[in-house]
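**Q**
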Amino acid sequence: MKTEFNRRKFIKTSLSAGALVGFPTIIPSSALGKDGAVAPSNRVNVGVLSCGARSAAAGAYNHYGKSQLVAVCDPVLERRLEKAEAWGVSDHYNDFRDVLARSDVDAVHISTSDHWHVPMSLAAARAGKDIYCEKPLGLTIEENLASRAIVDEYDRVFQYGTQQRSQASCRMGIELVLNGHIGDVQEVYVWAPQGASGGSATPVLPVPEGFDYDLWLGPAPEAPFCYDRCLNRGAKAIWFDYDYAIGFVAGWGAHPMDQLQWWADNTGMGIPYEYKATGTIPTKGLFNTLVHWDLEAVYKDGTPLRFMDSKTAAQWLEKNPIPGLKYQGNCTVFKGTKGWVAVSRGLLQASSEELRRKAKDPGPIRLEESRNHQHNFIDHILARTQPVSPLDSAIESDIICHMTDLCARTNETLQWDPKEETVVGSADAVSRMSRPMRAPWTL
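Using our numbering, you'd call the opening residue of the sequence shown number 1 and step up by one each time.
1. For residue 55, which three-state DSSP category applies?
2. Kindly provide the ranges of any beta strand (DSSP E) runs that are 3 or more residues long and lie completely inside the region 148 to 227, ordered along the chain.
3. Quick one, are the C-beta atoms of residue 172 and residue 348 less than 8 Å apart?
4. Spatial neighbours of residue 143 within its chain, please: CB distance less than 6 Å, with the 5 preceding and 5 following residues excluded, ordered by chain position.
5. Report back the beta-carbon spacing between residue 115 and residue 132 to the nearest angstrom; my notes put them in contact at under 8 Å.
6. Please classify residue 63: is it buried, with 16 or more other beta-carbons within 10 angstroms of its beta-carbon, or exposed?
7. DSSP on residue 325, reduced to helix/strand/coil?
8. Starting from the C-beta of residue 356, find all residues in its chain whose C-beta is less than 6 Å away, skip the five residues before and the five after it, and write them out in chain order.
9. Return the CA-CA distance between residue 124 and residue 268, expressed in angstroms with no decimal places.
10. Please name the residue or residues paired with residue 336 in a DSSP beta bridge.
11. Rounded to the nearest angstrom, what separates residue 426 and residue 208 at their Cα positions?
12. Between which two residues does the alpha helix (DSSP H) containing residue 404 stretch?
13. Helix, strand or coil for residue 308? Go by DSSP, reduced to three states.
14. Give the DSSP-derived three-state secondary structure of residue 296 in the structure shown.
15. Within the same chain, show all residues whose beta-carbon is closer than 6 Å to that of residue 224, passing over the 5 residues directly before and after it, in chain order.
16. Which ranges does the alpha helix (DSSP H) cover as unbroken runs of at least 4 residues, wholly within the region 88 to 124, from first to last along the chain?
17. Alpha helix (DSSP H) containing residue 431: first to last residue?
18. With residue 391 and residue 61 assumed to form a contact (beta carbons below 8 Å), what rounded beta-carbon distance in angstroms separates them?
19. Near residue 31, which residues of its chain fall below 6 Å by C-beta distance, leaving aside the five closest residues on each side in sequence?
20. With three or more beta-carbon pairs closer than 8 Å as the criterion, would you say the region 93 to 111 touches the region 64 to 78?
21. Just the C-alpha distance for residue 231 and residue 151, rounded to the nearest angstrom, thanks.
22. Express the C-alpha separation of residue 378 and residue 26 in angstroms, rounding to a whole number.
23. Count the other CB atoms, across all protein chains shown, that sit within 10 Å of the CB of residue 315; report buried if there are 16 or more and exposed otherwise.
24. Would you tell me roughly how many angstroms separate the C-alpha atoms of residue 5 and residue 252, rounded to the nearest one?
25. So what's residue 437 in DSSP terms, helix, strand or just coil?
26. Going along the chain, which residues of its own chain have a beta-carbon closer than 6 Å to the beta-carbon of residue 410, five neighbours each way excluded?
27. How far does the beta strand (DSSP E) with residue 388 in it extend, from its first residue to its last?
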């Protein structure tokens, strides 16, 4: 469904009409592009693809003088109507392809379930739109690699939805490490909230009116409509069913893993080359992604990485305490020869108060300062440069999460070949780098 409305045409027509019928001649400076604002006709027009819980951050585009929301879509009518009203957007659609077909839409904010992230990103790139994509990235490693090829081919700006890069505490913590304040990095620890078990595929329910279930499934396998799969807003199968996601190992792991990658991107570390992991995967119920995991990986220079779920990390810390560290449910810890630094959501910790104070003036190596992830995306669209969370970094951090999952599922030690960009050491794991997609969907 679409309600006809063209903001650019409306503004132009309204201003012309005002001169004829005696409209006030005092017009807000933001409407004319003065005082640093951009006139509405020149703002970045953003369409939101999916109006579920992860779309909440998209409202920021309407609170920035350089952008505005012009369209929303969702295969669930109730959700798109709710967000259209909340954001003051007149145009709402069932099918994301209708948004991509609009020549006045400059960029899209993709906040779908995980299995749609890359297919929609590729479609958006081919349609000439810049892309903000929520984390995690691909459902498979193949999807991750395809995203780079297509986004590069169409020269699009891509922002990954790892918003901790727009938090000062995280940026300053990574800067402390990069400027050598903890000495040489000897060990790195990362953990994220654990997954969930349970869920049920029964009873099978009729598809509610206004719910386009075929489009909701998209490239995922055909499956019966049921409460836990489609309607449960608490423990969502969409996060813990392997048809749609690889679980919190990537869904939540993306955030602390992204902080690790921010450091690695600026040191030439790349990603680890060898991986060994254990994990717990439910055998009953609808949910079948990793609940617990414990990865041990090694970088080419010998630096070890440990990646765990939050419960496993808490148990490990009881036996291997890091003096002074306050446990958080998600964290990235860098241990060096002269101390340690830990970053988590909204919190910077260090092995001493003196070290933590140095974060205000860490030294010559500085990272991009972003205060709002959506606004950073818009700024880089206008500059035609890559933003604070670029695609290449997203791909590498997401591959570590996938390697954790593959190790746990195959029970094998695996290697990553960065030149060929493929898994080495297991034919089974290589076969799991891709998945079939339900027709007619393709990458």
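Note that CB positions come from ideal geometry on N, CA and C, so glycine has one too.
**A** This is what the structure gives:
1. helix
2. 158 to 160 and 185 to 192
3. yes
4. 118
5. Rounded, the Cβ-Cβ distance is 18 Å, inconsistent with contact.
6. exposed
7. coil
8. 350
9. 30 Å
10. 185 and 339
11. 44 Å
12. 391 to 410
13. strand
14. strand
15. 204
16. 96 to 100
17. 427 to 431
18. Contact flag wrong, Cβ pair sits at about 20 Å.
19. Summary for residue 31: the model assigns pLDDT 49, below 50, so the residue's position carries little reliability; its value from the coordinates is reported in the next sentence. Excluding positions up to five away in sequence, the list is empty.
20. yes
21. 33 Å
22. Residue placement at residue 26 is flagged as unreliable, the pLDDT there being 38, under the threshold of 50; the coordinate-derived value follows with that caveat. Distance between the alpha carbons of residue 26 and residue 378: 28 Å.
23. exposed
24. Low confidence applies to residue 5: its pLDDT is 31, below 50, so where it sits in the model is not reliable, and the reading given next is rough at best. Taking the straight line from one Cα to the other gives about 38 Å.
25. coil
26. 426, 428 and 429
27. Element bounds for residue 388: n/a, residue is neither H nor E.
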